[in-house]
Amino acid sequence: MSQLLQADVPNILDGQAQHIRNLQNTVSNLLDKNKFLIDTLRDRIEESVSLRLKVSSANQDLQRTLDKMSVMSDTMDNLRDEISELRLLQVPRATPRTIIVSKLLDYSTHNPPCSDGDATHTVSESIDRRLATNLKGTLDTLLSTDETRCLSSTFERWFGTDMLQTIELVTCCVCRKHKFKQYLGVAFAAPVDEFHTVFPRSGCASPVCSECYLKAVSYSLDRLQESCWINKGPVVYISCPCGCAGDEKLEIQKLRTYDMALQVMRILDSINPPLTRNARDLAARIHRKMAANGLMYSPFDLKIRDLDYDEAGSPLAANQQLIQLYDIEYAGETLRVPILTRLLRVEKTPTECVVCTDSIYDVCYGHIDQWLKVCVEFDGDWIWKLLLFPQKLATKCDHIIDFCTSCLQQHIQVQLETFGRGACENILCPSQKCQRVLTHVACAECEFEMCFNHQMKWHDNLTCEQYDSLRETGDPDYQETQEWVATNTKQCPGCGINIQKDKGCLHMTCKICQHEFCWECLGNWQEHNSRCRG
57 MSQLLQADVP NILDGQAQHI RNLQNTVSNL LDKNKFLIDT LRDRIEESVS
107 LRLKVSSANQ DLQRTLDKMS VMSDTMDNLR DEISELRLLQ VPRATPRTII
157 VSKLLDYSTH NPPCSDGDAT HTVSESIDRR LATNLKGTLD TLLSTDETRC
207 LSSTFERWFG TDMLQTIELV TCCVCRKHKF KQYLGVAFAA PVDEFHTVFP
257 RSGCASPVCS ECYLKAVSYS LDRLQESCWI NKGPVVYISC PCGCAGDEKL
307 EIQKLRTYDM ALQVMRILDS INPPLTRNAR DLAARIHRKM AANGLMYSPF
357 DLKIRDLDYD EAGSPLAANQ QLIQLYDIEY AGETLRVPIL TRLLRVEKTP
407 TECVVCTDSI YDVCYGHIDQ WLKVCVEFDG DWIWKLLLFP QKLATKCDHI
457 IDFCTSCLQQ HIQVQLETFG RGACENILCP SQKCQRVLTH VACAECEFEM
507 CFNHQMKWHD NLTCEQYDSL RETGDPDYQE TQEWVATNTK QCPGCGINIQ
557 KDKGCLHMTC KICQHEFCWE CLGNWQEHNS RCRG
């Protein structure tokens, strides 16, 4: 028996050890689960705290909204009282503003405005047209009794309930007037927002109407003559219109744009005779297109200091004249158009004229085809006159144009003064390697185009030889025609008319006299012999 017990002891101990290990694993798993639950609880607590903070923030936002609504409600109550007083006083004149405010009050009390249709459309036609074109500018226009009644009845047509939903009455903190604040525009509706949005203020939330803001900007600009000595950096500080200690920054670039626009207007207004509206529109199109294609600087480019500024040694010296006028053909009329030549982009390195040896910064036009592609929409010789080298000659002269336009003009003038009219047929291109005769010139002053050879207005589309032939025979290509006839035709031996051989054998029959002959020897075909190749 004892031996059996001794034999079972190891088994019992192994079983107990295994049971202990199982218990340890169970305890370890329970500890892991407990740790996971603790971590989960911690996350839930953090989420709860975050939610509490969000709820608290939402409550604060809601409270601010309620306060704002309360202020707006008080404002509307005051306005309602004022309107009631006005009604009691039976004021005969009203404005579009009072009508909109009245409808806004009705809308806020869930009493939408009604419309009586077009019952008084005839009476409202004039004032209605003004409202459609400039509603904000006519808000305080005094109305007659009939106009007031009409606009009230046709409110949906010239303003509408949809527009009412985008506006609210806000009191300007400067002038203390109740004005319209518009948060969202309605398609095809005239805006009535009376608070500035161009330069949003970041340091102050007090509402300031556009009128008061512009007065503050004007006042700050007037102070520039004193504050410019102490301001640092490219900004102008504008005092906050509400009177707080905050200052707003206005970038110098905005002022530069305004100043440059004034310069351009001053330059255009100084031209005599005054430019037509079409000429101004065309000038704007040309400048925008050339600037977009990299041929010209925009006047509002920060690289342009001043249109009147002329820096010694600057590449801009290539075009000393600030502005030049050119005749440009456009839309069936000839317009005198101003070009701000000082804005033209010029080459970085100068080109030396072989005649006067001056170093000249020519216009940076790239390839001549690119220049023509940009300017071809606006027809005229101005395309060539803008260039400081007579590149138009390059279309007929087979060499690089290395002499400037001024030297070309002097060359022609000297030839005429020295040899008189007899030099007209011998004025050659100034280039030593070119012998082309220059017969077609244009006056630099009046732009009149003439022919040196004939001493008359230039004969368009005709060379001098063609023009002479046209005057003598009526055919500008008479000589060429005669040469072709002599080469390609033969006279009929019977009637003498010129006949052209097309295809087939040498046996010819004249369609005029019916004479039959041999094309090769012109002999009578009936008497034709074998010695002829025919």
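Under this note's numbering, the letters of the sequence shown match residues 57 to 590, in that order.
From the three backbone atoms N, C-alpha and C, an ideal C-beta is built for every residue, glycine too.
Keep in mind that this is a model prediction, so the values were computed, not measured.
- Per DSSP, the unbroken beta strand (DSSP E) holding Tyr382 starts and ends at 380–386.
- In the DSSP assignment, Met219 falls within the unbroken alpha helix (DSSP H) covering 217–220.
- Taking a contact to require three or more Cβ pairs closer than 8 Å, the segment 384–402 and the segment 437–445 qualify as touching.
- With the rule of 3 Cβ pairs closer than 8 Å, the segment 415–433 counts as touching the segment 340–351.
- About 20 Å separates the CB atoms of Val419 and Leu338; that is not less than 8 Å, and the two are not in contact.
- Unbroken alpha helix (DSSP H) stretches of 4 residues or longer found wholly inside the segment 407–466: 424–431, 438–441, given in chain order.
- At the C-beta level, Arg136 and Leu195 stay beyond 7 Å of one another.
- Contact annotation: Cys300 and Cys260 have beta-carbon atoms nearer than 7 Å.
- A Cβ-Cβ separation of about 11 Å leaves Tyr417 out of contact with Glu408 under the 8 Å criterion.
- Within the DSSP bridge table, the entry for Ala150 names Leu199 as partners.
- Beyond the five residues adjoining it in sequence on each side, Phe236 comes within less than 6 Å, by CB distance, of Ile223, Val248, Glu250 in the same chain, given in chain order.
- Assignment of Lys237 by DSSP, reduced to helix, strand and coil, places it in the strand class.
- From the listed residues Leu396, Cys463, Glu389, Ile155, the smallest Cα separation to Leu378 is found for Leu396.
- With 16 or more other CB atoms across the displayed protein chains lying within 10 angstroms of its CB, Thr204 is buried.
- Note on geometry: alpha-carbon atoms of Trp581 and Gly552 lie some 16 Å from one another.
- The beta strand (DSSP E) runs lying completely inside the segment 73–133 and spanning 3 residues or more number zero.
- Judged by DSSP in its simplified three-state form, Ser140 adopts helix.
- Ser106 and Asn115 have their C-alpha atoms roughly 14 Å apart.
- For Arg392, the uninterrupted beta strand (DSSP E) run begins and ends at 389–395, by DSSP.
- In the structure shown, His584 adopts coil according to DSSP, grouped into three states.
- When secondary structure is reduced to three states using DSSP, Ser295 falls in the strand class.
- Counted as a single uninterrupted DSSP element, the alpha helix (DSSP H) harbouring Cys268 occupies residues 266–278.
- For Thr461, the CB contacts under 7 Å within the same chain, skipping 5 residues up- and downstream, are Leu444, Phe445, Pro446 in chain order.
- Under the DSSP assignment, Asn334 falls in the alpha helix (DSSP H) whose first and last residues are 333–348.
- Going by DSSP, Phe573 is part of no alpha helix (DSSP H) but of the beta strand (DSSP E) stretching over 572–574.
- Checking the DSSP bridge columns, you'll see Met321 has no partner listed.
- In this structure, the straight-line span from the alpha carbon of Phe475 to that of Ile468 is close to 11 Å.
- Pro329 and Val470 have their C-alpha atoms spaced approximately 34 Å apart.
- In the DSSP secondary-structure assignment, Glu224 is bridged to Lys237.
- With fewer than 16 other Cβ atoms from the protein chains shown falling within 10 Å of its own Cβ, Ser112 counts as exposed.
- The Cβ-Cβ distance between Met316 and Pro263 does not fall below 7 Å.
- Here Met321 is exposed. Its C-beta has fewer than 16 other C-beta atoms within 10 Å.
- Taking a contact as a CB-CB distance under 8 Å, the pair Lys124 and Leu220 does not count as one, their CB atoms being some 18 Å apart.
- Beyond the five residues adjoining it in sequence on each side, Ile139 comes within less than 8 Å, by CB distance, of Thr154, Val157, Ser158, Leu161 in the same chain, given in chain order.
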